[in-house]
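Note sheet for the following structure.
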Ligand SMILES: [Zn+2]
Ligand SMILES: [Zn+2]
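Residue numbers (our numbering): 86 to 1015.
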C-alpha cells in the first residue's frame, strides 16, 4: 500500500485523476444496459466561453447528482457539448480579422465560415478542458456541437416539418434590431436599462376640415417653405423624434371627447410636408400625455399593429446601420442620433417644438454589444408558437415536467401564456443557414431538406438560398433529442429520452427550457425532461452581482488552483440552498480546504497506524473482493459476537447519514446533504470515533491480539463508507484516499453509494455514546472555565445518577480519562462527596474537580479581579463616549457602530468574569459548609 504523503496537495492529485477518469472511460453510458437509467444533457455553454462561477455551480450540482445516481447503480448519462453561439462566435472571429485589416464582407461568406471553423478547432475546447479538470463526470464519447452534421440534419428536419405544418412563416414584422450587430435579436437578448432621457412634445398642424384626402407621401428633398395651412394643431409626445419622418397617421382614442372634432380630418406631418390622417384607435390613451399619438408603423411594434388595423403605409426611414435612408428626405445619410438633433433644431426654428420634458424610461440595449436597439420593420422567419406553447403548458399542468423550486412553475406559465411569435432568422453568417431557396425566375419559395437544383414551380435552375441563419436557440431547443440521434430512432434516443433532469439557471428558462419543452413535445411526443431544477446565482460576499466592471469576479480556475477543486465544489454545494443566492467568499473555500485536510490527516493516521500494527497485508488482501454492490456495509463482530460501542455507534450513524443525504439530494437540497456529511466527518468521525479508535487500537491497548484485526476492519470500513458518502461532492480527495487505503480494481466513482440499513441503527449505542460525549465535553468546559492548563492532567470525580451510567462510565473510564486529559476519574456514590472544588450538576450525572486540582484558586481569583478592573475601566470609557451627544453628531457612523459593538463585547466579557468569580466563591462556600 503506497504511503499517504504528509501534505494534502490537491493540485498534485486532481489533474491526474481528472485525466484518468476520462482515459478509462468510466463515465461512458451503456445504451444496451437494462439497469434503470438516469440521463441529463448539459445546458450547452457557448463554444467561445470559458468557465465562470455560474457554470461551476451548475456543473457541481449536476455532477453531484450524476455521481450519486451512478453509485446507486443507475446507467447514467451526462451528455456534454457546446453551442455554436451565432453572434458571439462571429464577433470573436470578426475581431481577429479586423486585427489583420480584414473584413468578413471582403473575404466572402465561404472563406469566413472556414475561418470560424478554424477558430473552433483551435480554441473551441476551452470549456471542455476546464470541465474535465474540474471533475465533471460527462460521457465525452457522446460529446456534441450544435453545428455537427447530425444536429444540423435535425435542425433542417424540424424547420421543414414546421414549415409544412404551417407553423413557420416568413413575414414583415417589427423586430428588435441591433444596428451594430446588424441583425434581428430576440426580446430576451434586449436588456432594458433605465434611461434619463427626454420626452419631446411636437406640434402637428391640423388641416382645415374638408373632403378627406388620401395620405400623400411626397419626399421633399430640401427644407420646406410651405406655409402652415392652419393655426390649429395637436401635440404629440415622443422619445424618438427621428421616427416622425416615418409617421403615416396620428391617433386619438375614439372615446376621447376633446378630439371628436378631428375625426376624419388630416394633419400635416412637419418637416416632411406629408398629409396624414387622424385615426381613432385604442393605441391612444386619453390619460397619457395629450391623448394624441403619432403612428409610425415601420418603427414601433404597437404602431405596426395599429397600422395593420387601419391599413396604413409602412415607411421605413432607417437603414440596417441605424442611419436615415432615402425615405428620410433631406435627413438621409445622417446617423439616427445626429438626425434627432437636426430635426429638433428645425422644429424649434419653425415653432413646432412645444416643450422638452425630462423623462426617465426603459431603453433597450443589445445584450451583446450594448448598442441601443432600434425597433425595425423587416422580413424575417417566424415560428407560430401558440399551438406549441399550449402543449408545453398542458404538459406542466399535468405534472409531466416538474419545476424545482416550485415557484418557477407560475413564472413559466405566465411567460408561455403570453408568448409572441418567435423570430428565428438572424442576419449572420455563422449558424444553420435557413433551408429556403428563392427561384430567381418566378419567385417561388422552396423549403427543403436537401438543396434543390431546380424550381419546383417553374423548373428554373437559378435558385438562391436565403442568406439568413437560424437563431441559435432554434438548434438548442432540439438539444435533448438531436444529441441522441433524432430524427433516427437510435438506441440512445430510445433509452435516454425523456431525460431525467435539467439543471440550469433561471436566466435561460425562457431562452431554452421553454423552447426545449415546445420542441420536445412536438417532435418526440414527450417532454424533454422530467424535472427542471433552477439553481441559484453566485454573487460576491456582499451579495453583489459578479461583474468585470465591479472587479469582484471570482475565477473558478484561479480559486481551484489555490484551494483545490474539492474545496471549491464543496463551498458551492454547501451554500446552494434552493431559491437563495450564494454569497461566495474565499474564506469559505479556505475553511472547506481545512475540511479536506482533516480527512486527509485522518486517512494518514489510519494508514500509518495500520502499518505500525503490522496489519497492512490484511487490508491489501481485502479491497474490492468484499465490496458489496448493493450499497450495504456490515461491520465485523470483534470478539464473541460483541461489537464495541464506538463501532455500534458509528455504523448506526452512517446508516442514518446515508438516509438523510439521499433524502436531501432527492430534493436538490445540496446544502443539507453537504452539511450532513461535513458535520458527520468532522465532528463525529474525526473528533470522536477516530479518537476512541486510537485508544483501543494502539499497541498495548485493551484489545486482544485476535480482536485487533476485526477492529481494524471496522475502522477501515467506516472510513470507506464515509468516503463514498462524500465522493459526489469531493470526488478527487475521496478517490485518492480510497485508492491508497486498499488495493482497488475500480474507481470509487463506481463503488456503491452507501444505503440505509435498518439493522445497523442502534438507538442504545447512540444514547450511550452521547452520554459519554456529554461527560467528556462537560469536563473540558469546566477545565476551560477555571483555566486549567490544557496539558495538565487533573483528577475528576463523577457521580452517576443511574446504575447504567455508572457502568457505562466505569467501562469507558480509560476513554474519558484520555479524552478529557485526566489523571484519574473516580466514581463516587454521592453527588456532594467531593472534597470541594468546582462542581457541575446535570440530571444524569454530577462532575467535580477537587480544589487541589483546580488551577490554584487563589491565584486565579487574583487574576480575574485584575481583569474585572481593566474591563470595567474600558467599559466606562466606551459608555461615556456613546453618551456624548457632540461626539455622536460628528463621528462617522462606522466609528459609532464599532464602539457600540465593543460595548457589547465588553459587557459579555465582564459578566463572564463576574460569573467565574462568583463560582470560585461558591466553591469556597461549598467547602466551608462541609
Ligand atoms: Zn449588438
Ligand atoms: Zn420558379
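All C-beta atoms, glycine included, are put in the ideal place defined by N, C-alpha and C.
Just so it is clear, the structure is predicted and the values come from calculations on it, not from any experiment.
Would you please state the rounded distance, in angstroms, between the beta carbons of residue i and residue j? I believe it to be under 8 Å.
i: residue 506; j: residue 470; result: 6 Å
i: residue 834; j: residue 155; result: 7 Å
i: residue 380; j: residue 336; result: 5 Å
i: residue 910; j: residue 901; result: 5 Å
i: residue 449; j: residue 276; result: 7 Å
i: residue 136; j: residue 657; result: Actually they do not touch by this definition, with Cβ atoms about 12 Å apart.
i: residue 766; j: residue 807; result: 6 Å
i: residue 616; j: residue 642; result: Residue 616 to residue 642, Cβ: 30 Å. No contact.
i: residue 145; j: residue 654; result: 5 Å
i: residue 908; j: residue 880; result: 5 Å
i: residue 691; j: residue 771; result: Incorrect: roughly 11 Å between the Cβ atoms, too far for contact.
Would you say residue i and residue j are within 8 Å of each other, going by their C-beta atoms?
i: residue 782; j: residue 694; result: yes
i: residue 421; j: residue 459; result: yes
i: residue 389; j: residue 462; result: yes
i: residue 623; j: residue 583; result: no
i: residue 364; j: residue 351; result: no
i: residue 1002; j: residue 949; result: yes
i: residue 518; j: residue 468; result: no
i: residue 667; j: residue 674; result: no
i: residue 606; j: residue 474; result: no
i: residue 729; j: residue 842; result: no
i: residue 627; j: residue 644; result: no
i: residue 126; j: residue 493; result: no
i: residue 231; j: residue 284; result: no
i: residue 108; j: residue 131; result: no
i: residue 813; j: residue 739; result: no
i: residue 681; j: residue 89; result: no
Any idea if residue i is buried or exposed, counting beta-carbon neighbours within 10 angstroms, 16 or more meaning buried?
i: residue 573; result: exposed
i: residue 430; result: exposed
i: residue 205; result: buried
i: residue 713; result: The predicted model places residue 713 with a pLDDT of 45, which falls under 50 and marks its position as unreliable; any figure quoted below should be read in that light. Exposed, since its Cβ has fewer than 16 Cβ neighbours within 10 Å.
i: residue 256; result: exposed
i: residue 853; result: buried
i: residue 998; result: buried
i: residue 508; result: buried
i: residue 91; result: exposed
i: residue 414; result: buried
i: residue 366; result: buried
i: residue 434; result: exposed
i: residue 373; result: exposed
i: residue 327; result: buried
i: residue 465; result: buried
i: residue 796; result: buried
DSSP three-state label for residue i, please.
i: residue 507; result: strand
i: residue 122; result: strand
i: residue 166; result: strand
i: residue 207; result: helix
i: residue 303; result: Any answer about residue 303 is weak, because its pLDDT of 49 lies below 50 and its placement is not dependable; what the coordinates show is given next. Coil at residue 303, not helix or strand.
i: residue 549; result: strand
i: residue 404; result: coil
i: residue 191; result: helix
i: residue 933; result: strand
i: residue 409; result: strand
i: residue 694; result: helix
On the DSSP bridge list, what partners appear for residue i?
i: residue 911; result: 882
i: residue 488; result: 617
i: residue 262; result: 269 and 459
i: residue 946; result: Per DSSP, none; premise fails for residue 946.
i: residue 354; result: 359
i: residue 669; result: 625
i: residue 521; result: 532
i: residue 466; result: 255
i: residue 445; result: 281
i: residue 344; result: Its beta-bridge partners do not exist; DSSP assigns none.
Any beta carbon of chain C sitting closer than 8 Å to that of residue i?
i: residue 356; result: Going by chain labels, chain C is absent from the structure shown, which holds only one protein chain.
Given 7 Å as the limit, tell me if residue i has its C-beta closer than that to any heavy atom belonging to ligand 4.
i: residue 415; result: Among the ligands modelled here, namely ligand 1 and ligand 2, ligand 4 does not occur.
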